[in-house]
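Asker:
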Amino acid sequence: MKDFLLQQLRKPYGILIPRLALVLLLTGVLWAVRTGGVTGAEQSLAKLEIEWNQSRQEFVLHKEAQKARKDLAQVWSALPGERDFAPLALGITEEAKRDHVTLPALSYKTESTPVAHTSKGVLQGTMTGRYEDLRRFLYDVETAEELVFIEDLELVRTGVQQDQALTFNIKIATYLRGEPSKVTAQ
């Protein structure tokens with residue numbers, strides 16, 4: 064083998080054999096580095112990018128959940144308690160008197176809701192008064208500190224003239240917090 068190699072080196076193309084061997088050796092090393100190092104690093108980079116994107120999405124969802132919890136706590140604190148419902152009804156009746164609106168038979172009841180530890184308080188009845196007084200009363204109810212809203216308002220048709228009193232069926236609703244003792248017991 065050694066003699067054959069020496070014979071080949073003596074020929075005119077013999078000077079190219081060491082260079083060709085060097086090129087083949089460097090090509091082999093390049094292939095090994097590319098296969099083992101760069102491709103592995105690219106795969107690791109791709110995996111890390113996927114994990115980073117997932118972590119980032121989880122972080123965004125976590126921040127949104129924290130904000131939602133904070134907003135929910137604010138709304139929860141604004142809700143009147145179940146025991147505050149009767150005084151709320153009394154306050155609406157007193158507001159009606161101040162605005163010269165008659166609420167002769169305002170009934171109130173609570174209804175269950177699908178949300179745990181809350182119920183819906185409903186006040187309903189008829190209200191009578193002049194247009195201006197009714198408008199002021201409705202504005203006062205809608206802008207009150209308590210979280211109440213007018214769920215239904217329906218004009219009761221009568222054969223009277225426009226300058227006389229109007230009568231409406233009204234339904235006012237609010238959501239109520241469960242009592243602390245009930246919340247902890249459940």
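Be aware that the sequence shown starts at 64, since it is given in the numbering used here, and climbs by one per residue. Glycine is no exception: its CB is placed at the ideal position from the N, C-alpha and C atoms.
#1: Let me confirm a value: residue 146 is counted as buried when at least 16 other C-beta atoms fall within 10 Å, else exposed. Which label applies?
#2: Which first and last residues belong to the alpha helix (DSSP H) in which residue 137 is found?
#3: Which two residues bound the contiguous beta strand (DSSP E) that contains residue 147?
#4: Bridge partners for residue 234 per DSSP, in chain order?
#5: Short check: CB of residue 236 to CB of residue 212, under 8 Å?
#6: Apply the 10 Å Cβ neighbour rule to residue 159 and answer buried if 16 or more other Cβ atoms are within range, or exposed otherwise.
#7: Can you find at least 3 beta carbon pairs, one from the stretch 159–171 and one from the stretch 181–199, that sit closer than 8 Å?
#8: Which of the three DSSP states, helix, strand or coil, is assigned to residue 88?
#9: Quick one: measure Cβ to Cβ for residue 141 and residue 193, integer angstroms, because I've assumed they're closer than 8 Å.
#10: For residue 204 and residue 155, I'd like the C-alpha separation in whole angstroms.
#11: Taking 8 Å as the cut-off, decide whether the C-beta atoms of residue 100 and residue 180 are in contact.
#12: Identify the continuous beta strand (DSSP E) that holds residue 174 and give its terminal residues.
#13: Can you round the beta-carbon distance between residue 197 and residue 164 to whole angstroms, since I take them to be within the 8 Å contact cut?
#14: Are the CB atoms of residue 71 and residue 80 nearer to each other than 8 Å?
#15: Where does residue 192 sit, in a helix, a strand or coil, going by DSSP?
#16: Measuring only the C-alpha atoms, how far is residue 274 from residue 83?
Answerer: So, from the data block:
#1: As a working note, residue 146 is residue 83 in the sequence shown. Residue 146 is exposed by the Cβ-count criterion.
#2: Along the sequence shown, one-based indexing puts residue 137 at 74. Here the alpha helix (DSSP H) through residue 137 covers 102–141.
#3: As a working note, residue 147 is residue 84 in the sequence shown. No residue range can be given for residue 147, since it is assigned to no beta strand (DSSP E) and is classified by DSSP as neither H nor E.
#4: Taking the first residue of the sequence shown as position 1, residue 234 is located at position 171. The partner list for residue 234 (beta bridge, DSSP) reads 187, 215.
#5: Counted from its first residue, the sequence shown places residue 236 at position 173. Counted from its first residue, the sequence shown places residue 212 at position 149. Cβ distance < 8 Å, so residue 236 and residue 212 count as in contact.
#6: Here residue 159 refers to the residue found at position 96 when the sequence shown is read from its first residue. It is buried - the Cβ of residue 159 has at least 16 other Cβ atoms within 10 Å.
#7: Taking a contact to require three or more Cβ pairs closer than 8 Å, the stretch 159–171 and the stretch 181–199 qualify as touching.
#8: For this step, residue 88 is matched to residue 25 along the sequence shown. The answer is helix: DSSP assigns residue 88 an H, G or I state.
#9: Translated into the one-based positions of the sequence shown, residue 141 becomes position 78. Translated into the one-based positions of the sequence shown, residue 193 becomes position 130. Contact doesn't hold; Cβ gap of about 32 Å is too wide.
#10: Numbered from its first residue, the sequence shown carries residue 204 at position 141. Numbered from its first residue, the sequence shown carries residue 155 at position 92. Their backbone Cα atoms lie some 7 Å apart in a straight line.
#11: Counting from 1 along the sequence shown, the entry for residue 100 is found at position 37. Counting from 1 along the sequence shown, the entry for residue 180 is found at position 117. No.
#12: Against the sequence shown, residue 174 aligns to sequence position 111. 170–175 is the extent of the beta strand (DSSP E) around residue 174.
#13: Residue mapping note: residue 197 aligns to position 134 of the sequence shown, counting from 1. Residue mapping note: residue 164 aligns to position 101 of the sequence shown, counting from 1. Right, their Cβ atoms sit about 6 Å apart.
#14: As a first step, residue 71 must be located in the sequence shown, where it is residue number 8. As a first step, residue 80 must be located in the sequence shown, where it is residue number 17. Taking 8 Å as the cut-off, the beta carbon of residue 71 is found closer than this to the beta carbon of residue 80.
#15: Stepping through the sequence shown from its first residue, residue 192 is reached at position 129. When secondary structure is reduced to three states using DSSP, residue 192 falls in the strand class.
#16: A question about residue 274 goes unanswered here, because the residues of the chain that appear run from 64 up to 249.
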